[in-house]
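Chains as they are written, first to last, in our numbering: chain A, 1 to 196; chain B, 1001 to 1196.
There are 2 protein chains.
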Amino acid sequence: MPTTMGRRERKKAQTRQALSEAALRLFSEHGYDGVTVAQIADEADVSIATLFAHVPDGKEALIFDDGSERRIWLTAAVHDRPPGQSVLEALRRSMAARGPFTDDLPPELRHKRDLIVNTPALREYSRKLWIACEEALAEAIATESGRDPSDMTIRALARYVLEIPELAGTEPDPLAALNAIFDLLEHGWPESPGKT
Amino acid sequence: MPTTMGRRERKKAQTRQALSEAALRLFSEHGYDGVTVAQIADEADVSIATLFAHVPDGKEALIFDDGSERRIWLTAAVHDRPPGQSVLEALRRSMAARGPFTDDLPPELRHKRDLIVNTPALREYSRKLWIACEEALAEAIATESGRDPSDMTIRALARYVLEIPELAGTEPDPLAALNAIFDLLEHGWPESPGKT
DNA sequence: CTCTGAAACTATAACCACTATAGATTCAGA
DNA sequence: TCTGAATCTATAGTGGTTATAGTTTCAGAG
């Protein structure tokens, strides 16, 4: 067997990519709500049934991958951090280099990111993909900090970290927002005890 | 004008309540996905068009109110807290007495709460209602703590607090989970600096 | 009390996302 | 080469949701 997949899987990947590109092109041109899945299927030259066979999560999932890349990337960021660096610091730096927080991206990806951030349905689905990593991230943090993985504090921390892209992504200065949020998570809410 | 509304608004409220009750009854009996909006409209003896006129947010919104009650309740919890009590402490106590965190409720409301917690679509919509209060809560916190309302730290705090019902609601001991999360928000993530 | 206009309701038809089914084609491995 | 599974297709259907146009019901003005 050759290292490249067989013709079958190659065609499958081609079809999936054609759908992804068609969707991104049409969304950019007419807006998310201005495009029907029928148009996308047409543009990619497949039937509607085929479209849904490739993208079981529906219309919003068309321009995303299946999310496994995110999960791997996250757990790696936690486990492979340099010595002496805290888990939160590692997550902060990794996130800052990614997603909505840097403009150091090919223009094509920037356009895609802007489309996602400015389209509620896509932003929400992006959040879903992040949240789907909650368990994996919680496990990674539990391992690294020697705590119990069922500790609610860990689950909450994982959730709150994964919520950051949606929370900070729409801010005028996303990177500053990201840093402010990580500061909150590291040190807590700095309130003077109460009113007089 | 009498203190009670006119017949018109009374009938409107009646219809809305009939829809709400019909939906709750049918959801409880056949599950959320086992009921169509047509059945609900039928049970409430109105047309489908009328159903959507009363509940513009769609099927999931049928058993919820419009969310304004939540908003009022939240801002009151912050502004009317006893002297010497911190904002987070006030929110912690208020939330603990409500929603998924106490069983001190009429059995009818308990059933409704269980239905919501166990039905993904309803749980998600409940979260939406909470998040819709983010801006109001952020403003309240900003006022009480003398900070700038556009401070990202405040927005994040508000968001994280409003995320608690969904985060802790499914835990075996929701109240303990709620307290653990509030501890995290108050004191931050207590991590030893890093690995060797 | 009556008129008038707005609001609520209705039936109907349509749109769109999504699913189910059954059959045709294509490829992989025995 | 043969067999079976995967892919794709057309088709028809379900269900949520919206638009339209017309009818009934009420509130307030005169």
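All C-beta atoms in this analysis are idealised placements derived from N, C-alpha and C, irrespective of residue type, glycine included.
Note that the structure is a prediction, hence the values are computed from the model and not measured.
Three-state secondary structure assigned by DSSP to residue i
i: Trp1189/B; result: coil
i: Gly169/A; result: helix
i: Ala44/A; result: coil
i: Val1117/B; result: helix
i: Thr1036/B; result: coil
i: Phe64/A; result: coil
i: Thr1143/B; result: helix
i: Val87/A; result: helix
Cβ of residue i within 8 Å of any chain A Cβ
i: Ile1181/B; result: yes
i: Leu1157/B; result: yes
i: Leu1184/B; result: yes
i: Glu1171/B; result: yes
i: Asp1042/B; result: no
i: Glu1009/B; result: no
i: Gly1188/B; result: yes
is_contact[residue i, chain B] using C-beta, thresh 8 Å
i: Ile131/A; result: no
i: Leu162/A; result: no
i: Leu167/A; result: yes
i: Ala121/A; result: no
i: Ala177/A; result: yes
7 Å Cβ shell around residue i - same chain, five flanking residues per side excluded
i: Leu51/A; result: Leu19, Val37, Ile40 and Ala41
i: Thr119/A; result: Tyr32
i: Ala1158/B; result: Glu1134, Leu1137, Ala1138 and Ile1141
i: Ser47/A; result: Ala41
i: Leu175/A; result: Ala96 and Phe101
Other residues of its chain near residue i: CB distance less than 6 Å, five sequence neighbours each side excluded
i: Arg71/A; result: Cys133 and Ala136
i: Gly169/A; result: Pro100 and Val117
i: Ala61/A; result: Val55
i: Glu1186/B; result: Leu1088
Inter-residue Cα distance where the pair is residue i and residue j
i: His1111/B; j: Ala96/A; result: 44 Å
i: Asp151/A; j: His79/A; result: 19 Å
i: Ile1116/B; j: Glu43/A; result: 40 Å
i: Asp148/A; j: Ile141/A; result: 10 Å
i: Phe64/A; j: Ser126/A; result: 8 Å
i: Thr102/A; j: Leu1105/B; result: 48 Å
i: Phe1199/B; j: Gly1188/B; result: Lying outside 1001 to 1196, the shown extent of chain B, residue 1199/B is not represented and no answer is given.
i: Gly34/A; j: Ala23/A; result: 11 Å
Cutoff 8 Å; reference residue i; Cβ partners in own chain excluding five residues on either side
i: Arg25/A; result: Glu43
i: Thr1015/B; result: Ala1044, Val1046, Thr1050 and His1054
Taking any Cβ of chain A, which residues in the region 1084-1102 of chain B have a Cβ under 7 Å from it, in chain order?
Within the region 1084-1102 of chain B, the qualifying residues are Gly1084, Gln1085, Ser1086, Val1087 and Leu1088.
Residues of the region 1026-1040 of chain B with Cβ closer than 8 Å to any Cβ of chain A, in chain order
Going along the region 1026-1040 of chain B in chain order, one finds no residue with a Cβ nearer than 8 Å to chain A.
Using a Cβ-Cβ cut-off of less than 8 Å, give me the residues of the region 1123-1153 of chain B that come near chain A, in sequence order.
For the region 1123-1153 of chain B, which is checked against every Cβ of chain A, the residues closer than 8 Å are Glu1144, Ser1145, Asp1151, Met1152 and Thr1153.
What residues from the region 58-78 of chain A come within 9 Å of chain B, judged by C-beta to C-beta, listed N to C?
Contact residues of the region 58-78 of chain A toward chain B are absent (C-beta to C-beta distance below 9 Å).
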